[in-house]
Amino acid sequence: MSQADLRLPQRGMGATSRRDAWWLEPLIVFLVLSAFIVYTTWAAFQGVNYFASQGGAHYLSPFYSPLLYGQNGEPYWIGLAPPSWWPAWSPFAFSPAFLILAGPALMRFTCYYYRGAYYKAFWLDPPSCAVGEPRKSYIGERRFPLIMQNVHRYVFYPAAAFVIVLAWDAIQATRFVQEDGTTRFGIGLGTVVLALNAFLLGGYTFGCHCARHQIGGYLNSLARRPIRAKCYGCVSALNRRHMTWAWISLFWVALTDVYVRLVAQDIITDPRILF
Amino acid sequence: MTEARDATFRIWRGDHATGAFRDYRTRVTHGMVVLDAVHQVQSESAPDLACRWNCKAGKCGSCSAEINGRPRLMCMTRLETLDLDQPVTVEPLRAFPSIRDLVTDVSWNFRVKAKIPPFRPRTPDAPDGTWRIDQADVERVQEFRKCIECFLCQDVCHVLRDHHKHDEFAGPRHFVYQAALDMHPLDVEERLRQVKDENGIGYCNITRCCTKVCPEHIAITDNAIIPLKERVVDEFYDPLTRLFRIFRAKRKSDRMDGRPEPDASALPPKGAP
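One line per chain: the protein sequences are A and B, in this order.
All letters in the first sequence, in the order written, are residues 13 to 287 by my numbering.
All letters in the second sequence, in the order written, are residues 2 to 274 by my numbering.
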């Protein structure tokens, strides 16, 4: 690199000639992400009301899916909760959400879009474009700890599997068990909410920059690989709206959990059509 | 703004050591851009005001400045888009030293660019020394060729602007240049170690400010920097990719669809793509 004797002045925190409300975007990001983290943590600690079976429904909160350990009547994968290996000295009660939430959380934490957003909103690095910063030192993502963000591709694969599981949950939400034990196909508001959740999370996950690289971005020539070129085109199309997918899916996954909780507690009645 | 009116321009006067904003009032009319107003101030009240410009069409990248704190081309910023009830601030790029008034010394960029290995094509495809490329493969790198080297992206990048990492970080403009070369379907040069070590792509924390200010609307972050970051991960950080490479020799030749690297004796002279 060329040695530079630039003698540039250091500008202080917030120093800028910008006239617009540059602080508004990072503030909104800070508030929305903080609210999401607080709500997710609260929902994970609850350990109850994550499965709504009123009227034979099959609505499972996305914060608890896949449900590895659950109660009788719930669609658990492995066994009854709490599992025998769960430490008795654990300071908090067992919640199946603890076992799976790290997957989607790490996907968002290492996501290229969110990284830029929360570096600005939470770390003020920078607070906004062309606005002075509070710190003089800077290591970026070049050294520990932020060099670990390069693990993003390894959290993409589990996150993609989660989307498939959530899509399966949405399909299951079309099955309504009757009092005589038979199952009828139907569509409830919960079915629509869960299906939209899987769709939006799919749009976010399969449009990530890591998926774009893996599907064909690492190649310089795709012309002789038409299927791969088509896939790369599709992922690139999703990727162009990655920010939009990220925020809508974040909002919707929380709303889905809220909806399932409200139905599970009989606070609202799920409207549905059975065929 | 449909009628002529007076407006105040708060212009930086001075060099990198000393300087201050000075207010100039001038009459502006419909259709004028900031560069027009600066020229008018020059002719009316500040003949010694230094300002670099050339094409006045947004294609030479000379008149880069910060207008109301935002890095922009003066020739492409219409006065209708600004609030003329308040003084319009015009100042030089802040990531580079000011020579005088609105003129900055951007020569550092050219010294960095000179160190990037140039285009090196593979062995010619045909006996007459020519190559065959599919249009679909060309389109990806053509986006990067739109760069006019206005250096607005360099100016807004906080790694250069606030942290002054000019000795360790090349900046978005040079990652666009390296992406144009590295993703070219004919190129066989290895540049990823330079991208990682010498040009410090790890310093980029993806603020997307460079993309927002690009007057050519190049998706710098999504199409150049992040793909280069992913290639660096492939090459240096991902243990599975490295293991896989042992069996498949996944290096530059693999990214080129398995075509062979050139025989050094058969190479044409180095040059721009």
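All C-beta atoms, glycine included, are put in the ideal place defined by N, C-alpha and C.
According to DSSP, residues forming a beta bridge with residue i
i       : result
E217(B) : According to DSSP, which records beta bridges pairwise, E217(B) is partnered with nothing at all.
S65(B)  : L74(B)
Y25(B)  : F10(B)
V34(B)  : R79(B)
L244(B) : L244(B) pairs with nothing; no bridge assigned.
A64(A)  : Y71(A)
R284(A) : G200(A)
G91(A)  : Y81(A)
G15(B)  : G20(B)
Chain-order list of residues whose beta-carbon lies under 6 Å from that of residue i (same chain, five-residue window excluded)
i       : result
E37(A)  : none
I279(A) : none
D17(A)  : Bear in mind that a pLDDT of 48 at D17(A), under 50, signals an unreliable position, so the model cannot answer this.
V175(A) : L213, G214, T217
A8(B)   : V29, L85
D198(B) : none
I226(B) : F176, C205
A129(A) : V41
is_contact[residue i, chain B] using C-beta, thresh 8 Å
i       : result
Y124(A) : yes
A16(A)  : With a pLDDT of only 48 at A16(A), under the threshold of 50, the placement of this residue in the model should not be trusted, and no figure is reported.
K242(A) : no
C141(A) : yes
N232(A) : yes
P138(A) : yes
Y131(A) : yes
R23(A)  : yes
R253(A) : no
G219(A) : no
E153(A) : yes
A114(A) : no
Y150(A) : yes
G128(A) : yes
T28(A)  : yes
Residues of its chain near residue i, where Cβ-Cβ distance is below 7 Å and the 5 sequence neighbours each way are ignored
i       : result
L286(A) : F188, R196, G198
T222(B) : I207, R209, C211, T212
L36(B)  : W54, K57, C64, M75, C76
Below-8 Å beta-carbon distance, residue i vs any chain A residue
i       : result
M184(B) : yes
I293(B) : There is no way to answer for residue 293(B), as the model of chain B reaches only from 2 to 274.
E150(B) : no
R6(B)   : no
P88(B)  : no
H31(B)  : no
A137(B) : yes
Contact set for residue i: own chain, Cβ-Cβ below 8 Å, skip 5 residues either direction
i       : result
G152(A) : L158
Y178(B) : K114, I117, F145, C148
S14(A)  : Because S14(A) sits at a pLDDT of 47, beneath the cut-off of 50, its placement in the model cannot be relied upon, and the point is left open.
Ignoring anything shorter than 4 residues or poking outside the region 157-199 of chain B, list the alpha helix (DSSP H) runs there in chain order.
The region 157-199 of chain B contains these whole alpha helix (DSSP H) runs: 159-162, 173-183.
As an exercise, report each continuous alpha helix (DSSP H) stretch of at least 4 residues that is fully enclosed by the region 81-145 of chain B, in chain order.
Inside the region 81-145 of chain B, DSSP marks whole alpha helix (DSSP H) runs of 4 or more residues at positions 108-115, 136-143, from first to last along the chain.
Scan the region 112-155 of chain A and note each continuous alpha helix (DSSP H) run of 4 residues or more that stays entirely inside, going in chain order.
The alpha helix (DSSP H) runs of length 4 or more contained entirely in the region 112-155 of chain A are, from start to end of the chain, 114-121, 124-135.
Output the residue ranges of the alpha helix (DSSP H) runs that lie fully inside the region 233-271 of chain A and measure 4 residues or longer, sorted by chain position.
Whole alpha helix (DSSP H) segments, 4+ residues: 238-251.
Count Cβ pairs between the region 219-235 of chain A and the region 178-187 of chain A that sit closer than 8 Å; are there 3 or more?
In short, these stretches do not touch, since the Cβ pair count stays below three.
Segment contact, 8 Å Cβ cut-off, at least three pairs: the region 106-114 of chain A with the region 54-63 of chain A
Flag = yes, the region 106-114 of chain A and the region 54-63 of chain A touch.
Please give the ranges of any beta strand (DSSP E) in the region 161-242 of chain A, keeping only runs that are unbroken, at least 3 residues long and fully inside the region.
With a minimum length of 3 residues, the continuous beta strand (DSSP E) runs that stay inside the region 161-242 of chain A are 187-189, 195-200.
Measuring CB atoms only, is the region 157-171 of chain B touching the region 87-102 of chain A, in the sense that at least three cross pairs come out at less than 8 Å?
Short answer: they don't touch.
Inter-stretch contact (C-beta, 8 Å, three-pair minimum) for the region 37-54 of chain B and the region 86-104 of chain B:
The region 37-54 of chain B, when compared against the region 86-104 of chain B, does touch it at the 8 Å Cβ threshold.
For the 8 Å Cβ check, are there 3 or more pairs between the region 149-162 of chain B and the region 118-138 of chain B?
Between the region 149-162 of chain B and the region 118-138 of chain B, the count of C-beta pairs closer than 8 Å stays below three; the two stretches do not touch.
Counting pairs of Cβ atoms below 8 Å between the region 135-150 of chain A and the region 93-102 of chain A, do you hit three or more?
No, because fewer than three Cβ pairs between the region 135-150 of chain A and the region 93-102 of chain A fall closer than 8 Å, the two stretches do not touch.
With contact counted as at least three CB pairs below 8 Å, one residue from each stretch, are the region 115-135 of chain A and the region 243-261 of chain A in contact?
Yes: the two stretches touch, three or more of their Cβ pairs being nearer than 8 Å.
Is it a yes or a no for the region 64-73 of chain A touching the region 106-113 of chain B, going by three-plus beta-carbon pairs under 8 Å?
Under the Cβ criterion (8 Å, minimum of three pairs), the region 64-73 of chain A does not count as touching the region 106-113 of chain B.
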